[in-house]
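Worksheet for the structure shown next.
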Amino acid sequence: MSRKIIHLDLDAFFCAVEEQRDPGLIGKPFAVGGKPQERGVVSSCSYAARAFGVRSAMPMARATRICPNLIVVSPHHKEYSQASQKVMAILRSVTALVEQISIDEAFLDVSDLPEAGETIAHKLQEAITKDLGLPCSLGVASNKLVAKIATDVGKSTQGSSGPPNAITVVSPGSEAAFLASLPVNSLWGIGPKTAERLHQFGIKTIGALASTPEQKIKPIFGKVTQEILDRASGIDERPIVTHHDAKSISQETTFPRDISDEGQLKETLKELAASMGRKLRKSNLHAETIKLKLRWSDFTTITRQMTLSQPTDQDRIIYKVGLSLFEKSWRYNQPVRLLGLGVSGLSSQIVQLSLWEFNSKEQSLQQVLDELNNKYGVKIVHRGSASTKKDYS
Numbered sequence: 076m077s078r079k080i081i082h083l084d085l086d087a088f089f090c091a092v093e094e095q096r097d098p099g100l101i102g103k104p105f106a107v108g109g110k111p112q113e114r115g116v117v118s119s120c121s122y123a124a125r126a127f128g129v130r131s132a133m134p135m136a137r138a139t140r141i142c143p144n145l146i147v148v149s150p151h152h153k154e155y156s157q158a159s160q161k162v163m164a165i166l167r168s169v170t171a172l173v174e175q176i177s178i179d180e181a182f183l184d185v186s187d188l189p190e191a192g193e194t195i196a197h198k199l200q201e202a203i204t205k206d207l208g209l210p211c212s213l214g215v216a217s218n219k220l221v222a223k224i225a226t227d228v229g230k231s232t233q234g235s236s237g238p239p240n241a242i243t244v245v246s247p248g249s250e251a252a253f254l255a256s257l258p259v260n261s262l263w264g265i266g267p268k269t270a271e272r273l274h275q276f277g278i279k280t281i282g283a284l285a286s287t288p289e290q291k292i293k294p295i296f297g298k299v300t301q302e303i304l305d306r307a308s309g310i311d312e313r314p315i316v317t318h319h320d321a322k323s324i325s326q327e328t329t330f331p332r333d334i335s336d337e338g339q340l341k342e343t344l345k346e347l348a349a350s351m352g353r354k355l356r357k358s359n360l361h362a363e364t365i366k367l368k369l370r371w372s373d374f375t376t377i378t379r380q381m382t383l384s385q386p387t388d389q390d391r392i393i394y395k396v397g398l399s400l401f402e403k404s405w406r407y408n409q410p411v412r413l414l415g416l417g418v419s420g421l422s423s424q425i426v427q428l429s430l431w432e433f434n435s436k437e438q439s440l441q442q443v444l445d446e447l448n449n450k451y452g453v454k455i456v457h458r459g460s461a462s463t464k465k466d467y468s
């Protein structure tokens, strides 16, 4: 028997939540994101804004140029998270086999339910719209790959005057035919550069790719050539994954203007390290690798990383390693556009204390700081230092 997989995508999710917060935004061109004068980018934009050419990930300064009447709305991530949780609760009321892949997307496996996938999709859409006031589009197919592409196709064919609220169904056995006429870059794993290389071979559609001999495209895809050909034929056996272990945690700051002040850069680095530590401890995780990201004023971006002898969840260690990487990479007075810090190699193992780690008194202090920050906010209390150069020393 064929599986019944549903892919759900909330339409312009951030904007839909903002319209609930402020109904005056309904029907107007607006974008959620950072301020244009502070190098912000568009996180989401209304369908009225899209009519002017505004798109997600576009610099907000450019968005305001092509749409002079654009209303810029600062994001409210807490509200987005709460709305997302309510949507996922509705999905899990239908089946426990729910794979959330982002704040506004999820897969469901409803193979064990007696109703047709299309019927279940309509009921889900109705419940999310009626109970939460959020528009959504769904794709129904026999696997995750085709269900996701079905959603994308449905959304793209509904015009841009408002939320598509599309439901697109691909019947079992028609997967390859459904994909055949779509451009190759509609397929997972094929980006613009790979698509350009395929075009040089005269391969512009997924159907053309599916009928191409393996040896002809092996120089492009290497070991995953057969997997790509299977995808092009609509074959995807991946199961629904109900739990994902975090592989990394990162955070970065883009400055409103380039920063060359050493003290300010190190203070930012310390704040990022504190944020990484809080997230690790909250998730009961330890990190093995610390990664620094720097972007200069000419947009050149570098990354540097260091692997520890044993995992940690402590701000002090993360900061010390990050500072060491920073001092090896940054030249005095060199302007910095973006500064980021990340941790990876995550595990829940309990580690032995080493010379890197806090003594028991400092561990107790860290616990008190976490409790205060959780209760009153992360900026209510923080470690002090005699001077920037001696932070955490």
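When the letters of the sequence shown are read in order and numbered with this note's numbering, they come out as residues 76 to 468.
All C-beta atoms in this analysis are idealised placements derived from N, C-alpha and C, irrespective of residue type, glycine included.
Distance CB(residue i)-CB(residue j) smaller than 9 Å
i, j, result
"residue 344", "residue 394", "yes"
"residue 309", "residue 374", "no"
"residue 171", "residue 81", "no"
"residue 331", "residue 112", "yes"
"residue 382", "residue 363", "yes"
"residue 311", "residue 211", "no"
"residue 372", "residue 412", "yes"
"residue 103", "residue 121", "yes"
"residue 365", "residue 400", "yes"
"residue 189", "residue 217", "no"
"residue 347", "residue 414", "yes"
Residue of the options minimising C-alpha distance to residue i
i, options, result
"residue 369", "329, 355, 127, 189", "329"
"residue 89", "209, 410, 402", "209"
"residue 116", "87, 150, 98, 84", "150"
"residue 119", "170, 238, 196", "238"
"residue 321", "278, 152, 359", "359"
"residue 143", "127, 222, 131", "127"
"residue 176", "364, 297, 279, 84", "84"
"residue 367", "220, 417, 272, 298", "417"
"residue 266", "317, 313, 303", "303"
"residue 187", "169, 241, 251, 411", "169"
"residue 100", "147, 112, 86", "147"
"residue 105", "307, 135, 114, 383", "135"
"residue 305", "212, 383, 141, 220", "220"
"residue 376", "404, 363, 211, 382", "404"
"residue 327", "294, 293, 260, 397", "397"
"residue 296", "191, 263, 323", "263"
"residue 391", "423, 402, 351", "351"
"residue 178", "153, 269, 110", "153"
"residue 245", "215, 233, 279, 259", "215"
"residue 317", "270, 291, 166", "166"
"residue 315", "97, 185, 114, 132", "185"
"residue 242", "107, 259, 194", "194"
"residue 288", "271, 307, 323", "307"
"residue 123", "222, 145, 259", "145"
The alpha helix (DSSP H) enclosing residue i, as first and last residue numbers
i, result
"residue 294", "289 to 296"
"residue 380", "First-last for residue 380: 376 to 387, but that is the beta strand (DSSP E), not the alpha helix (DSSP H)."
"residue 196", "192 to 207"
"residue 222", "219 to 231"
"residue 305", "300 to 307"
"residue 270", "267 to 275"
"residue 29", "This structure cannot speak to residue 29, because the chain is shown only from 76 to 468."
"residue 282", "281 to 285"
"residue 95", "88 to 96"
Terminal residues of the beta strand (DSSP E) in which residue i lies
i, result
"residue 84", "80 to 85"
"residue 423", "Looking at the DSSP string, residue 423 is not in any beta strand (DSSP E), and its letter there is neither H nor E."
"residue 249", "Taken as a continuous stretch (DSSP letters only), residue 249 belongs to no beta strand (DSSP E), as it is neither H nor E."
"residue 338", "No beta strand (DSSP E) holds residue 338; the alpha helix (DSSP H) holding it covers 337 to 357."
"residue 177", "173 to 177"
"residue 370", "362 to 371"
"residue 327", "323 to 334"
"residue 107", "105 to 108"
"residue 180", "180 to 184"
"residue 212", "211 to 216"
query: Are the region 227 to 237 and the region 268 to 285 touching, with three or more C-beta to C-beta distances below 8 Å?
result: no
Completely contained beta strand (DSSP E) runs for the region 117 to 153, where each covers 3 or more residues: Taking 3 residues as the shortest admissible run, the region 117 to 153 contains the following complete beta strand (DSSP E) segments, listed from N- to C-terminal end: 117 to 120, 146 to 148.
message: Closer than 8 Å is the cut-off here; do at least three beta carbon pairs connect the region 160 to 170 with the region 199 to 208?
response: The region 160 to 170 is in contact with the region 199 to 208.
query: Touching or not, the region 331 to 338 and the region 375 to 387, by the rule of three or more beta carbon pairs under 8 Å?
result: Taking 8 Å as the limit for Cβ pairs, the verdict is that the region 375 to 387 does not touch the region 331 to 338.
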